[in-house]
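Since the structure comes first, as structure tokens, the remarks are kept for the end.
2 protein chains.
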Amino acid sequence: MAKGKTKVETPPAPESGRAVTIHDVARYAGVASMTVSRVVNGNSYVSDAMRERVQAAIKALNYSPNLAARNTRAGNTGPRVGVLYSNPSASYLSEVMLGGIEQSSRLGTQLVLERSTGLASQKAAVRRLLDQGVDGVILPPPLCDSRPTINMLHAAGVKVLALATARPMHDVSSVRIDDYQGAAAMTRHLIELGHSRIGFVKGDPQHTPTQLRYEGFVDAMTAAGLPVDPDWVVQGQFTYRSGLAAAELLLSPDERPTAIFASNDDMAAAALAVAHGLQIAVPEALTVVGFDDTPIASTVWPELTTIHQPISAMGRAAVSLIVDEIKAERAGNAPGPTHQLMKFTLVKRGSSGPAPAKAPSRRRAAKA
Amino acid sequence: MAKGKTKVETPPAPESGRAVTIHDVARYAGVASMTVSRVVNGNSYVSDAMRERVQAAIKALNYSPNLAARNTRAGNTGPRVGVLYSNPSASYLSEVMLGGIEQSSRLGTQLVLERSTGLASQKAAVRRLLDQGVDGVILPPPLCDSRPTINMLHAAGVKVLALATARPMHDVSSVRIDDYQGAAAMTRHLIELGHSRIGFVKGDPQHTPTQLRYEGFVDAMTAAGLPVDPDWVVQGQFTYRSGLAAAELLLSPDERPTAIFASNDDMAAAALAVAHGLQIAVPEALTVVGFDDTPIASTVWPELTTIHQPISAMGRAAVSLIVDEIKAERAGNAPGPTHQLMKFTLVKRGSSGPAPAKAPSRRRAAKA
DNA sequence: CTGAAAGCGCTTACAG
DNA sequence: CTGAAAGCGCTTACAG
Chain A
1 MAKGKTKVET
11 PPAPESGRAV
21 TIHDVARYAG
31 VASMTVSRVV
41 NGNSYVSDAM
51 RERVQAAIKA
61 LNYSPNLAAR
71 NTRAGNTGPR
81 VGVLYSNPSA
91 SYLSEVMLGG
101 IEQSSRLGTQ
111 LVLERSTGLA
121 SQKAAVRRLL
131 DQGVDGVILP
141 PPLCDSRPTI
151 NMLHAAGVKV
161 LALATARPMH
171 DVSSVRIDDY
181 QGAAAMTRHL
191 IELGHSRIGF
201 VKGDPQHTPT
211 QLRYEGFVDA
221 MTAAGLPVDP
231 DWVVQGQFTY
241 RSGLAAAELL
251 LSPDERPTAI
261 FASNDDMAAA
271 ALAVAHGLQI
281 AVPEALTVVG
291 FDDTPIASTV
301 WPELTTIHQP
311 ISAMGRAAVS
321 LIVDEIKAER
331 AGNAPGPTHQ
341 LMKFTLVKRG
351 SSGPAPAKAP
361 SRRRAAKA
Chain L
1 MAKGKTKVET
11 PPAPESGRAV
21 TIHDVARYAG
31 VASMTVSRVV
41 NGNSYVSDAM
51 RERVQAAIKA
61 LNYSPNLAAR
71 NTRAGNTGPR
81 VGVLYSNPSA
91 SYLSEVMLGG
101 IEQSSRLGTQ
111 LVLERSTGLA
121 SQKAAVRRLL
131 DQGVDGVILP
141 PPLCDSRPTI
151 NMLHAAGVKV
161 LALATARPMH
171 DVSSVRIDDY
181 QGAAAMTRHL
191 IELGHSRIGF
201 VKGDPQHTPT
211 QLRYEGFVDA
221 MTAAGLPVDP
231 DWVVQGQFTY
241 RSGLAAAELL
251 LSPDERPTAI
261 FASNDDMAAA
271 ALAVAHGLQI
281 AVPEALTVVG
291 FDDTPIASTV
301 WPELTTIHQP
311 ISAMGRAAVS
321 LIVDEIKAER
331 AGNAPGPTHQ
341 LMKFTLVKRG
351 SSGPAPAKAP
361 SRRRAAKA
């Protein structure tokens with residue numbers, strides 16, 4: 001504690017109204033501000049003794065760096081990052097943005113949002129982004145897989161990051177989960193619960209995760225020695241409406257599956273609604289599971305067992321990654337695209353349970 | 001590239017890699033940076049001639065101010081604003097945050113998030129917020145109506161803003177829509193469509209909007225000379241599950257309403273699921289409407305007719321308002337709390353339609 | 001390994 | 001109404 005020339009030990013009054021600065025810490029610790037900066041950023045060489053002294057001061061004064069000031073130095077107008085999205089109301093996007101904006105404010109990066117409605121408006125949206133001087137653009141799904149968009153952006157010398165694409169490209173950075181493994185994990189979970197008659201609802205064939213999730217399901221079934229009945233694999237579109245139709249197809253016949261694995265939550269929620277309508281008790285008579293863990297998964301009842309994508313963490317990671325790339329480029333290095341794989345988790349909620357003892361027959365039986 | 005003393009008029013190359021600064025603009029316009037600052041901030045006295053010259057330069061150079069730098073001056077560590085929330089997964093919150101974070105990054109304000117799980121943890125959450133030196137706290141629902149929380153915050157000398165409360169308090173600023181008028185407008189819409197037999201699902205009695213939405217419904221019915229059948233007013237909890245139960249109550253009896261007005265979207269979505277299960281066609285045989293316009297409203301099928309709350313705009317407004325208050329306080333003024341009323345809009349989608357010609361009877365009739 | 005100097009882009013007083 | 005000076009909190013070179 002003893003420090004500096006004077007013998008006084010009182011820290012600069014923290015209640016004095018103004019925020020604690022790096023200089024307060026420096027004075028308290030009896031070192032130069034520069035040293036505090038180094039400790040805070042944890043990069044350069046600092047002796048252990050010094051480091052400890054500074055850290056104690058930081059703690060004592062409850063110092064936290066002023067982020068606005070940090071990015072002010074060095075012509076370091078933090079990179080501008082654009083987000084080009086197409087589906088505005090999706091809760092998925094809100095969550096991505098939540099993480100993205102949080103991270104960009106932490107990094108002092110300016111985030112610019114643009115919406116592209118149709119394919120036609122894409123050119124215009126890209127132009128607006130470019131006009132605003134973005135150095136990089138994040139593409140959430142489904143634009144993450146749009147080659148034309150990527151090419152336009154690359155032509156303008158702008159970095160591109162594909163968010164939640166299922167098939168990373170060689171020339172575009174990506175942040176994603178492993179859709180294949182996620183689907184396989186969910187399928188194994190169903191099998192462990194005793195299900196063998198499992199219906200699957202595929203997603204929009206245009207989206208890259210669709211095929212991989214399906215393959216994950218098929219391979220896990222096969223690995224367990226279970227057959228995949230083609231009648232129980234139904235094409236969906238990732239929309240609630242398509243889930244409605246798919247579930248009706250799966251649940252109406254006399255012989256129906258004991259579990260439905262819908263390849264996203266919206267479709268699973270729809271399957272739940274259909275089951276409810278048919279008086280099929282979930283999870284007692286039917287297990288329904290989804291994928292993504294968007295808010296709807298915990299809105300419906302019973303809540304959906306699903307594969308949790310760390311969506312807002314992925315938004316954060318996307319911003320970090322692209323900012324790093326931009327900085328590297330500015331510094332003269334030109335590393336290739338990087339690909340970050342995030343961990344998914346299987347979250348078990350009320351919509352899944354053990355397979356019913358005997359294969360259920362017609363739904364009438366259950367009716368009150 | 002050529003600039004400064006030489007006679008060339010070329011603007012400082014905008015592609016030169018670094019961002020356009022206030023000094024570039026000043027040089028281009030031949031004025032002091034100070035003057036540019038004044039024009040940009042539009043506050044002080046600037047002659048029209050000067051203003052135009054500067055504005056032209058700004059446009060020519062496509063200048064936009066560096067926000068990080070702006071809040072660096074004057075010990076002006078932009079106010080810190082906390083958000084204390086209780087329900088993390090709600091898509092509602094994501095949208096609030098979207099607006100809030102956007103505005104705070106625009107204002108250079110630091111946003112601090114804290115979650116309070118139970119009533120027990122509230123004290124701890126408030127303390128953490130205070131430790132982080134917040135000057136104000138935004139309370140999204142349902143905390144917006146928690147007197148204990150507000151009192152704790154006030155005791156610490158921190159500004160409080162209640163977001164989306166239905167009943168603004170005299171000592172706390174608020175941003176909200178008029179729940180009463182929203183419900184009344186929706187009810188009138190149903191009546192115009194020819195509905196007179198309307199079921200209503202109330203929300204959680206603990207939340208302030210619940211009562212006002214109900215009153216708006218009742219008063220609009222009464223004003224149109226229509227009776228409110230107590231059997232068709234069902235208590236809900238704002239949850240999907242409670243909507244399921246409520247809709248079953250409303251739709252099972254032989255005589256059922258031709259429209260259901262659920263006082264939020266989650267419950268309306270549930271009503272849709274129940275109707276679907278009972279083979280009641282929406283909107284042909286039954287109209288279902290909600291309130292809030294959260295993402296689920298446009299996820300389900302048919303999409304919900306609902307009252308749109310400009311949620312992210314409310315998040316933005318909340319940050320603006322509380323930052324203004326904090327600044328006013330710092331400047332020595334102490335204006336009372338302000339209350340901002342935002343406009344709701346009635347959005348008509350597929351779930352509502354004209355009342356069926358004759359009162360429908362038992363659902364069996366409709367079955368294939 | 002540590003520090004004194006200079007500067008980031010902008011704005012707040014202070015002079016004209 | 002306009003501008004030259006000083007400073008915000010932090011960091012990047014540059015010296016020890």
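These protein sequence lines map, in sequence, to chains A and L.
Per the UniProt record's numbering, the first sequence starts with residue 1, numbered consecutively.
Per the UniProt record's numbering, the second sequence starts with residue 1, numbered consecutively.
All residues carry an ideal CB built from backbone N, CA and C; glycine is no exception.
This structure is a prediction, so every number in the text was calculated from the model and none was measured.
Whole-angstrom C-beta distance between residue j and residue i, which should lie under 8 Å
i: tyrosine 240 of chain A; j: methionine 267 of chain A; result: 7 Å
i: leucine 139 of chain L; j: leucine 98 of chain A; result: That pair is no contact at about 18 Å.
i: serine 146 of chain L; j: histidine 339 of chain L; result: That pair is no contact at about 18 Å.
i: valine 20 of chain L; j: valine 36 of chain L; result: At roughly 11 Å, the Cβ-Cβ gap does not stay under 8 Å, so valine 20 of chain L and valine 36 of chain L are not in contact.
i: alanine 184 of chain A; j: aspartate 229 of chain A; result: Incorrect: roughly 18 Å between the Cβ atoms, too far for contact.
i: leucine 341 of chain L; j: arginine 213 of chain L; result: In fact, because the Cβ distance is near 16 Å, the residues do not count as touching under 8 Å.
i: asparagine 264 of chain L; j: aspartate 292 of chain L; result: 5 Å
Residue i: first and last residue of the uninterrupted alpha helix (DSSP H) it sits in
i: alanine 26 of chain A; result: 22-29
i: alanine 334 of chain L; result: Careful: alanine 334 of chain L lies outside any alpha helix (DSSP H) and carries neither H nor E.
i: lysine 59 of chain L; result: 48-61
i: alanine 36 of chain A; result: Note that residue 36 of chain A corresponds to valine in the displayed sequence, not to alanine. Per DSSP, valine 36 of chain A belongs to the alpha helix (DSSP H) from 33-41.
i: phenylalanine 261 of chain A; result: Phenylalanine 261 of chain A -> not in any alpha helix (DSSP H); beta strand (DSSP E) instead, spanning 259-262.
i: valine 274 of chain A; result: 265-277
i: residue 371 of chain A; result: Residue 371 of chain A falls outside the range modelled here, since chain A spans only 1 to 368, and no answer is possible.
i: isoleucine 150 of chain A; result: 147-155
i: valine 126 of chain A; result: 120-131
9 Å Cβ cut-off: residues of chain A touching residue i
i: alanine 273 of chain L; result: Ala269, Ala270, Leu272, Ala273, Val274, His276, Gly277, Val300
i: glutamate 102 of chain L; result: Met97, Ile101, Leu111, Leu113
i: glycine 290 of chain L; result: What glycine 290 of chain L touches in chain A: nothing, since even the nearest Cβ is about 12 Å away.
Opening and closing residue of the beta strand (DSSP E) in which residue i lies
i: glutamate 114 of chain L; result: 110-115
i: leucine 341 of chain L; result: 339-342
i: lysine 202 of chain A; result: 198-202
i: isoleucine 296 of chain L; result: Neither: isoleucine 296 of chain L is in no beta strand (DSSP E) and is coded neither H nor E.
i: arginine 176 of chain L; result: 173-177
i: lysine 159 of chain A; result: 159-163
i: threonine 239 of chain A; result: Careful: threonine 239 of chain A lies outside any beta strand (DSSP E) and carries neither H nor E.
i: glycine 82 of chain A; result: 80-85
i: valine 288 of chain L; result: 287-289
i: leucine 346 of chain L; result: 345-347
Residues of its chain near residue i, where Cβ-Cβ distance is below 7 Å and the 5 sequence neighbours each way are ignored
i: glycine 42 of chain A; result: none
i: threonine 305 of chain L; result: Val289, Val347, Lys348, Arg349, Ser351, Ser352
i: glutamate 215 of chain A; result: Tyr180
i: valine 274 of chain L; result: Leu244, Ala247, Glu248, Leu251
i: alanine 357 of chain L; result: none
Partners in chain L for residue i, counting only beta-carbon separations shorter than 8 Å
i: tyrosine 240 of chain A; result: Thr299, Val300, Trp301
Proximal residues of chain L, C-beta to C-beta of residue i below 7 Å
i: aspartate 266 of chain A; result: Thr299
Interface residues of chain A facing residue i [CB-CB closer than 8 Å]
i: glycine 315 of chain L; result: Residues of chain A passing the Cβ test: none, with the nearest at roughly 11 Å.
Close Cβ partners of residue i (< 6 Å) along its chain, the five nearest in sequence each way excluded
i: valine 233 of chain L; result: Phe200
i: glutamine 235 of chain A; result: Lys202
i: arginine 51 of chain L; result: Val39
i: arginine 197 of chain A; result: Pro257, Thr258
i: arginine 167 of chain A; result: Thr208
i: residue 381 of chain A; result: Lying outside 1 to 368, the shown extent of chain A, residue 381 of chain A is not represented and no answer is given.
i: lysine 343 of chain A; result: none
Where residue i meets chain L, residues with beta-carbon distance less than 9 Å
i: glutamate 329 of chain A; result: Correct list: empty, because the minimum Cβ distance to chain L is about 11 Å.
Chain A residues whose Cβ lies nearer than 7 Å to that of residue i
i: isoleucine 296 of chain L; result: Ile296, Thr299
Cβ-based neighbour list, residue i, same chain, cut-off 8 Å, excluding 5 preceding and 5 following
i: leucine 193 of chain A; result: Ala259, Thr287, Ser352, Gly353, Pro354, Ala355
i: valine 112 of chain A; result: Arg80, Val81, Gly82, Val83, Leu129, Gln132, Val134
i: serine 320 of chain L; result: Gln103, Leu107
Near the ligand COA: residue i beta-carbon under 7 Å from a heavy atom
i: serine 173 of chain A; result: The ligand COA is not part of this structure, which contains no ligands at all.
Contact set between the stretch 233-258 of chain L and chain A, restricted to residues whose Cβ is under 8 Å from the partner | Thr239, Tyr240, Arg241, Leu244
Contact list for the stretch 129-141 of chain L against chain A, Cβ threshold 9 Å | Asp131, Gln132, Gly133
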